[in-house]
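K.L.:
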Amino acid sequence: MASSPAPGSSPDVPPAPPPAAADGDAPPAARRLQPLRHLLPYLKPYKLQIALATLFLLGAAGATLALPAAIRVLVDGGLMLPGGTPQDIRLDAIGDRFLLLFAASVALGLFTAARFYMVTWIGERVTTDLRQAVYAHVLTQSPQFFETLKTGEVLSRLTTDTTVIQNAVGSSVSMGLRSAVMMAGALALLLATNPQLVITVLAVVVVVVLPALIIGRRVRKLSRASQDRIADASAIAGEVLNAIPVVQSFVQERAEAQRFGESNEQAFATAVRRTGTRAMLTAFVIIGVFGFLLWSLYGGVQAVVEGRTTAGTLSQTALYIALIASSVAVLAEVWGDLLRASGATERLMELLDARSPIADPPQPRALPAAASGMRVTFDEVHFAYPSRPGQQVLRGLALDIDAGQTVALVGPSGAGKTTVFQLLQRFYDAGRGRIALDGIDLRELRLAELRARIAVVPQEAVIFSGTLLDNIRYGRSDASEADAKAAAAAAFVDEFVARLPEGYATQVGERGVRLSGGQRQRIAIARAILKNAPLLLLDEATSALDAASERVVQAALERAMVGRTTIVIAHRLATVQRADRILVLDHGQLVEAGTHAELVARSGLYARLAAMQFNPEGVGAGIGMGGMPA
Ligand code: ADP
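Counting in the numbering used here, the sequence shown runs from 5 upward without gaps.
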C-alpha cells in the first residue's frame, strides 16, 4: 500500500536548526494534522450535538473563570478589611460570598458533566460510523486487495486505530477546547486586572509551546509506527488462529508464540519510544510552566509586601496564571493525542481510499432471464495474477459451454482450473480476451447481477457461526423456511439434521467445527440449490470424504445440476464420465475436449491422467485428475 507521507513531514530531513521547521507558507503544524480533515464528513451529521457540547464547554469555562474573581472579592472584601480587626468581619456578608462561590461550583460541576457526556457521545458515535464505513468498504474489495493486506492488519486498523481516534475526538478535543477557551479567558481577564504581566505570560507560552510543536512531529511519526507494529502482530495472530490444528499437529505453538512475541515486542519498543518523547515533552512543559508560575508569585508577594497591590488581586492573578499554566500543559498533551489520531486516521483513510479494480460498469447491461442455464464463453483469454504479473496462468484459453450442459474441467494441478472459476465470478479481470455469459462480456454486467447468476460449491465448504438454517439461507436470507428445508432435503442435509441436538436450529460453530467434512459439503450444496442460479460451479472435494458420504454428496450434486449449466473441476472419474463434455486444460490452454470414451481413445494427456486414476500405484496418491505433476 502506497503510504504517502504527509507533506511537510519528510522523514529524512537532517538535523536542521529547529526553527526552520516553522518556515514555509502553510504552517507545518496544520499540515501534520491534515489527515484529521478526513474526519469532518463524519462529524457533519452531528451538528446539534456539537453545538450543545460547545455550549456546555463555554458554560464550564465561564464558571471556572468566575471563581478567581469571586475569591478576590472574598479575600479583599471579607477576610482582609484594611485596618479591620477580626470582630469587624461581617460574617453574614462572608456567608453570601461563599454561597456565590458554591453557585459557581455547582454550575461548573453541571456544565462539566454535560460537556463530558456530550463530547464522549460524539466521539463514540463518530468512531462507530467510521468503523462501519471502513468495514463496509473493505468488504467490497477484490481478492487482490487481501493478497497485499492481511486480514489481521485490517482488523487491527478497525479496532486499535478507531480507538485512538475515539480517544482524540471523544476526550482530547474537548479537553483541548476547554483549555484553549480557558486560556483565552484567563489571558483576557489578566489583561484587565494586571496588563503588564500579559506580555511575560505570552512570552513564556511561546517558549514552552514552540518546542512542543517540534517534538510533536516526532510523536506522530512514532505513533504511526507503533500502530503499524501492532497491526503486524495482529496479522500474525489472525493467520495462526485460523490454523490452530495445523500449528498444534506440527507442534509449532512455541515457535508461533515466539514469532508473535517478536512483533509484539517491536510494538512495545516503538510505543516506548513514542512515550519517551512525550514524557520529555511533559517534563519540559511542567517545569517551564511551574518555574514561571513560582517566579511570578514571588514577584507578586513582594508587591503585596511593598503595598503595591492587595492580597486579593494577587490571589486572583495567581489563579489566572495557574489556569493559563495548566491549560498550556493540557494543550501540549492534547497536541500529542491529536498527532496520534492523525496517524491513525491516515491508516484508516488508506483503507477507505482503496479502489477495487473490479467495479460495476458505468452503464451496466442486463442479463436476459435464464430459462435453464447460461452459455459460457472464454474467448482467447490471457491472464496473470496481479501479484505475479510475469507468470501467464491462462494463455489464450478458449471455451464454449452451451446452456444446460455439464462440463468437467480436468488437467494437472496448476493447469488453471480454479483460475477459470475465479475469472467467471470476476474476482479478477482477464488481461487479453473476453469472458462472456450468454454473449455479454462480464465487464458489462453489474457485479451483483453477475454473481447472482452463479452458485459455487467450493472444495472446502465455508460455514459461518450461526444455526444450520442460517447457513443454508446464506445468500438468500429472504428464503422461506420451507424453501430452505426443501433445498436441505435435496442435498441430503435432512439425513443428518435429525441426529443434531436442535435440528435446523443447531448452532454449528465458527467455521462449522462441529460438523464433519461431508456434512459441511452437503450444507454448501443445499446453499447452492437454494440460490437457484443458472450457472453452477463445483470444485469437487478431493479427499475430505469417506466413501459412504462421498456417495451421498455425489447424489446431492446430481440433483443440484438439474436444469443448470454446470462446470465441475473434476477429481473423480465418476463425475468425469457423467459429464456431457470433458475439457482438458494444461498450462492455461485447452488441449483436449470430448467425452470420456473419445478422449481415452486419443491416448493423449487425458488418457494418461485417467490411467493413473485406475492404477494409482507409484504416482503418489494419484488423487483425482489433478494429482499429476504439471
Ligand atoms: P488448478 O486449479 O488447475 O490446480 P490454479 O488455477 O489454482 O490451478 O492455478 C494456476 C496457476 O496460478 C498456478 O501456477 C498457481 O500457482 C497460480 N496462482 C493461483 N492463484 C494465484 C494467486 N492468487 N496469485 C498468484 N498466482 C496464483
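From the three backbone atoms N, C-alpha and C, an ideal C-beta is built for every residue, glycine too. Because the structure is a prediction, the values reported are computed rather than measured.
1) What do you reckon, is the C-beta of V244 under 6 Å from a heavy atom of ligand 1?
2) How big is the Cα-Cα spacing for Q136 and I248?
3) Which residue comes first and which comes last in the beta strand (DSSP E) that contains I203?
4) Take L589 as the anchor and find which of T132, V572, Q463 has the nearest alpha-carbon.
5) Taking Cβ to Cβ, would you say A229 is nearer than 7 Å to T274?
6) Along the chain, where does the alpha helix (DSSP H) containing D474 start, and where does it finish?
7) So is R606 buried or exposed if we call it buried at 16+ other beta carbons inside 10 Å?
8) Using only the alpha-carbon positions, how far apart do A597 and V411 sit?
9) Ligand 1 heavy atoms versus the CB of G479: any closer than 6 Å?
10) Which two residues bound the contiguous beta strand (DSSP E) that contains E310?
11) Taking the Cβ atom as the reference point for each residue, do P72 and Y302 lie within a distance shorter than 7 Å?
12) Alpha carbon to alpha carbon, how far is I533 from A495? Give it in angstroms, no decimals.
13) Looking at C-alpha atoms only, which residue of F294, G156, V211, L104 is the closest neighbour of A329?
14) Cβ of K421 within 6 Å of any heavy atom in ligand 1?
15) Kindly list the residues whose CB is nearer than 8 Å to the CB of Q395, restricted to its own chain and excluding five residues on each side of it in sequence; keep chain order.
16) Comparing C-alpha positions only, which one of R41, Q525, P538 sits nearest to I476?
17) Would you identify the three-state DSSP class for Q429, choosing helix, strand or coil?
18) For L297, collect the residues of the same chain with a Cβ closer than 7 Å to its Cβ; drop the 5 residues on either side in sequence, then sort them by chain order.
19) Here's the rule: buried if 16 or more other CB atoms are within 10 angstroms of the residue's CB, otherwise exposed. What is T144?
20) Under a three-way DSSP split, which group does E554 fall into?
21) I'd like to check one pair, A307 with V185: are the Cβ atoms closer than 7 Å?
22) Can you tell me whether I467 is helix, strand or coil according to DSSP?
23) State the beta-bridge partners of L441 as determined by DSSP.
24) Distance, Cα to Cα, S267 vs S227?
25) Can you list, in chain order, the stretches of the alpha helix (DSSP H) that have 4 or more residues and sit fully within the segment 530–610?
26) Please indicate yes or no: does the CB of V397 lie closer than 6 Å to some heavy atom of ligand 1?
P.N.:
Taking the coordinates as given:
1) no
2) 29 Å
3) Per DSSP, I203 lies in no beta strand (DSSP E); the unbroken alpha helix (DSSP H) holding it starts and ends at 199–245.
4) Of the candidates T132, V572, Q463, the one whose C-alpha sits nearest the C-alpha of L589 is V572.
5) Between A229 and T274, the C-beta spacing is below 7 Å.
6) Here the alpha helix (DSSP H) through D474 covers 472–476.
7) With a 10 Å radius around the Cβ and a threshold of 16 neighbouring Cβ atoms, R606 comes out exposed.
8) 10 Å
9) no
10) Where E310 is concerned, there is no enclosing beta strand (DSSP E), given that its DSSP letter is neither H nor E.
11) no
12) 8 Å
13) Selected option, being the one with the closest Cα: F294.
14) yes
15) Cβ neighbours of Q395 beyond the five flanking positions: A388, Y389.
16) The candidate whose alpha carbon is nearest that of I476 is Q525.
17) coil
18) I325, A326, A329
19) Classification of T144: exposed, given that the 10 Å Cβ count is below 16.
20) helix
21) Result no, Cβ atoms of V185 and A307 do not sit closer than 7 Å.
22) coil
23) V380, I444
24) 16 Å
25) 551–565, 577–582, 600–606
26) yes
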